[in-house]
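If you count by my numbering, then the sequence shown holds residues 1446 to 2404, one letter each, in order.
C-beta atoms are modelled at their ideal positions from N, C-alpha and C, and glycine is treated no differently.
Have a look at the structure below before the remarks.
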Amino acid sequence: MSLVPEIDYGTPASTSETMVTLTIDGQQITVPEGTSIMRASMEAGIQVPKLCATDMVDAFGSCRLCLVEIEGRNGTPASCTTPVAPGIVVHTQTGRLKDIRRGVMELYISDHPLDCLTCAANGDCELQDMAGAVGLRDVRYGYEGDNHVKARNNGDINLKWMPKDESNPYFTYDPSKCIVCSRCVRACEEVQGTFALTIEGRGFGSRVSPGMHENFIDSECVSCGACVQACPTATLTEKSVISIGQPEHSVVTTCAYCGVGCSFKAEMRGEELVRMVPWKDGQANRGHSCVKGRFAYGYSTHKDRILNPMVREKVTDPWREVTWDEAFAHIATEFKRLQYQYGRDSIGGITSSRCTNEETFLVQKLVRAGFGNNNVDTCARVCHSPTGYGLGQAFGTSAGTQNFDSVEQSDVVVVIGANPTDGHPVFGSRLKKRLRQGAKLIVIDPRRIDLVRTPHVEASYHLPLKPGTNVAMLTALAHVIVTEGLFDETFIRERCDWSEFEDWAAFVSEPQHSPEETEKYTGVPADLVRGAARLYAKGGNGAIYYGLGVTEHSQGSTTVMAIANLAMVTGNIGRPGVGVNPLRGQNNVQGSCDMGSFPHELPGYRHISDDATRDIFEKLWGVKLNNEPGLRITNMLDAAVEGSFKGIYIQGEDILQSDPDTKHVAAGLAAMECVVVHDLFLNETANYAHVFLPGSTFLEKDGTFTNAERRINRVRRVMTPRNGYADWEVTQKMAQAMGLAWHYTHPSEIMDEIAATTPSFALVSYDYLEKMGSVQWPCNEKTPLGSPIMHVDGFVRGKGKFIRTEYVPTDERTGPRFPLLLTTGRILSQYNVGAQTRRTENVVWHAEDRLEIHPHDAEQRGIREGDWVRLSSRSGDTTLRALITDRVAPGVVYTTFHHPDTQANVITTDYTDWATNCPEYKVTAVQVSPSNGPSQWQVDYDEQARQSRRILGKMEAAE
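Given below as structure tokens:
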């Protein structure tokens, strides 16, 4: 094995369709108009020396190494900033150019440390490479000049010297090695869009500065790693490279955090991970990353990982380590006993949106073929299940319509109930880049997210609606579009059911749906709503991106259908730059749904009651399948409390922390007689488990993830599973213990079975993914290259369906006792329940959950910044520290849910979406009051958790 090669062409590719032919060093070359001479040369295999140029950012032309000569033109222009022209003749290597380049390199080296042998970049230093490329043999200016290399010059303090900045937990900044190429500054601006870096000083005193001469940790830097990746020297270097050394081989794999699905090169020394580097050919991230995917992989080797199976008779007993065979035998015996004693439907399973498609497929297969019921569900139940229902009703398929590249052609972007810069940061950066290029932005969110106003980006409209009024807001937007005649009649007549449109148009045109009337519910001024509606309808390509702020409501499914109505009425479906795009929260939540993780659907979103569909699986699996939908997660917990549901297999989900109404979840788990938790760590749910099966990380397995754009990406094993088995092997061995004759030898065989049974995956195989890189389903004979854009010539269901969206206020109301509304969300540095990110250095940025509260509400309650406050609802109470901010409106408070010490979901209620039972996380009536300590529930919970995590004498670690 070796490092995966990536060619740096120096400047970005041109998208022009006009071709230009020129001659470079005697070779005729044809490239798109607008291509730089540097890139044209590289495409022809001619490497022009460079230092300030890289193809991730626009040309800059500062290093003066890439000079060329063009016949008939004076001077020596920079090849990076000079575009090709028809018929020109270019020379990249002449005596004059060689002399200039050597002279430039002498100036660089005169002000640069010569510690190459001990430098962390030794073997991966472009300055070193270019010195060799230009033939540098001597430095006429010496090495002791007016420079910032040393702390002292001839014993005197060198006032221009700066020490290393070690403040960031993941990388160092060594100013003495900076060559002021500005690549890091430009990467921060052009790729990430944070504008955290600048160049300070002049001449030899110039250097990179985070913010106003701050440390990196105190600056606006978000640690995405773009600057480190761009740096051609050791100025910005990963601490892991400093401590381990340069990698010797790499493997392309897929990030296991959010639903963007970034591709990375896992760069290794042996089986030790040196660093994760975003892969430029990754079609979801295009070479960019965020702090989680780039750096937060330390959880995979954290001391808290459980590496051996454990069992116990009662949840009050300490854990006892056992062999794998003992664990599987115990599970099989218990599950069979429970079904014999309480009936076939007394057990079930929950699939993981953090595991691969193949692993998720096996869990639902185990439940259906092994347990003999359909009691299987997934975390999408509590996040994007309304997306599946709503888009399925309107369009006929349960997924987003676009690829991420589509945003580059959007003219107007609506972001509703999502915070892309925190929850989906790589897509957030791509969106900000498009907005800086001139696209318009409409934000619909109770909270002022970063996108509302961030460097060089400002939303045209921010509609800060009251939590729980999404449907009223979207229907008001539709009211304006219809009553002002802004709809696309041609599209509607061709692509949608006209009679249904007429019925819907009459509905939204009613006076009670006008912005003036709905302002009474939403709190958003009518003129803002009218302006936003006109902009979306008339502004060109309009794209809608939404998140859990849409789905996690009692009317989540209705809101999704309202979004679909808006896209159809304006004709914003079926081409690049438009569409309806759910931003999925976890790395494989789309895939877990695709794989049949819902109790009413087999893989490919086909209902379990359909005889023809069941017949496909029955013939292949050799069993008779139950044709009745099984229990949803909420139903399982209700049935457990009632006494009819007694056992569950939970793979890679922490329902005690992530699901609403924590006390009810705890009661359900406590009522079961055999809870099997399959995870990396003893999570909160494991407090109530009887069997713990250690899981494997994404670095330790082969498989596929499907991201938010339906892209199927390969996950590749880069190290041996520390627990001994990949998760698919654990599920298979459990199935074998229960009497199922499964004999998969590799996940590719599971994917072959998926493809054979699921029409949208018909052409997907590991060989095909190796050839294509990745594909977006549906990928079959009709669409062999996949489907980047859905509904191009028509909707999957035939005609698009307009659906009335009547606003029904939630039953969760504020009142004198609970006068505030709580809504929840995520933060950049943490992920979901924090099981992974809390075990990394990311806790530097977010060590605890905080409660955002408006200054007016804080003052009324005598609360100051950082005070401990009690957050109470009808369901329970907890304590956390206050963060006073005007990001939230008066009457609204906000918190994250990443830390189990807070357990924010002890506050949330049992209200759910009417169609899917997705919990209403985003609307909870609460009161906030000063506190001087944890709530009694927190004290009791902490003690119970401590007792539950006791482990008796340990066995030897798994091989």
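* To do: Quick one: grab the DSSP three-state call for Val-1712.
  => Checking the displayed sequence, the identity of residue 1712 turns out to be Glu instead of Val. Note: Glu-1712 maps to strand in three-state DSSP.
* What is the DSSP secondary structure of Cys-1707, reduced to helix, strand or coil? -> coil
* To do: With a cut-off of 8 Å on the beta carbons, I'd call Glu-1693 and Pro-2192 a contact; round off their distance for me.
  => Not confirmed; about 26 Å, so no contact.
* Buried or exposed: which applies to His-1557, given that a residue is buried once 16 or more other Cβ atoms fall within 10 Å of its Cβ? -> buried
* Count the other CB atoms, across all protein chains shown, that sit within 10 Å of the CB of His-1998; report buried if there are 16 or more and exposed otherwise. => buried
* What's the call for Ile-1452, buried or exposed, on a 16-neighbour Cβ count within 10 Å? -> exposed
* When the Cα of Leu-1642 is compared with those of Glu-2194, Val-1636, Phe-1649, Arg-1631, which residue comes out closest? -> Arg-1631
* To do: Give a yes or no on contact between the stretch 2299-2309 and the stretch 2346-2366, applying the rule of three or more CB pairs nearer than 8 Å.
  => no
* Asked: Between the C-alpha atoms of Asp-1890 and Thr-1899, what's the straight-line distance to the nearest angstrom?
  -> 16 Å
* Are Val-2025 and Ala-2012 closer than 7 Å when you measure CB to CB? -> yes
* Whole-number beta carbon distance between Ser-2380 and Pro-2324, since they are thought to touch under 8 Å -> For the record, residue 2324 in the displayed sequence is Thr; it is not Pro. Going by Cβ atoms, the distance from Thr-2324 to Ser-2380 rounds to 5 Å, so yes, they are a contact pair.
* Using DSSP with H/G/I as helix, E/B as strand and the rest coil, what is Cys-1525? -> coil
* Asked: Got a sec, what are the start and stop residues for the alpha helix (DSSP H) Leu-2296 sits in?
  -> Not the alpha helix (DSSP H): Leu-2296 falls in the beta strand (DSSP E), residues 2295-2298.
* Sheet register partners of Tyr-1834 (DSSP bridge) -> Partner(s): none; Tyr-1834 has no beta bridge.
* Between which two residues does the alpha helix (DSSP H) containing Trp-2066 stretch? -> 2056-2066
* Pull up the DSSP beta-bridge partners for Tyr-1618, would you. => Asp-1610, Leu-1681
* **Leu-2125 versus Leu-1752: straight-line alpha-carbon distance, rounded** => 8 Å
* Using only alpha-carbon positions, find the residue among Ser-2054, Gly-1845, Leu-2266 that is nearest to Val-2337. => Leu-2266
* Pairwise C-alpha distance: Gly-1455 and Arg-1893 -> 38 Å
* Asked: Exposed or buried, which one is Arg-1541 when buried takes at least 16 other CB atoms within 10 Å?
  -> exposed
* Under the three-state reduction of DSSP, which class applies to Leu-1886: helix, strand or coil? -> strand
* How far does the alpha helix (DSSP H) with Met-1483 in it reach, from first residue to last? -> 1482-1488
* For Met-1501, which of Ser-2274, Asp-1790, Gly-1732, Thr-1963 has the nearest alpha-carbon? -> Gly-1732
* Cys-2363 and Pro-1831: beta carbons closer than 7 Å? -> yes
* Give a yes or no on contact between the stretch 2013-2022 and the stretch 1917-1935, applying the rule of three or more CB pairs nearer than 8 Å. => yes
* Three-way DSSP call (helix, strand, coil) for Leu-2138 in this model -> strand
* Assign Glu-2401 to buried or exposed, taking buried as 16 or more other Cβ atoms, counted over all protein chains shown, within 10 Å of its Cβ. => With a pLDDT of 42 at Glu-2401, under the threshold of 50, the modelled position of this residue cannot be trusted; read the value that follows with caution. Burial call: exposed.
* What residues in its chain sit with their C-beta under 6 Å from that of Glu-1961, if we drop five residues either side in the sequence? -> Ala-1971
* Does DSSP classify Gln-2102 as helix, strand or coil? -> helix
* Would you mind reading off the limits of the beta strand (DSSP E) that contains Trp-2313? => 2313-2317
* Decide if Asn-2072 is buried, meaning its Cβ has at least 16 other Cβ atoms within 10 Å, or exposed. => exposed
* **Burial state of Val-2384 (16 or more Cβ within 10 Å)** => exposed
* Three-state secondary structure (DSSP) of Asn-2071 -> coil
* Asked: Is Tyr-1990 helix, strand or coil when you go by DSSP?
  -> strand
* Would you mind reading off the limits of the beta strand (DSSP E) that contains Glu-1693? => From DSSP, Glu-1693 is part of no beta strand (DSSP E); its letter is neither H nor E.
* To do: Pick out whichever of Ala-1458, Ile-1689, Thr-1466 has its Cα sitting closest to the Cα of Ala-1400.
  => The displayed coordinates of the chain run from 1446 to 2404. Any statement about residue 1400 would go beyond what the structure contains.
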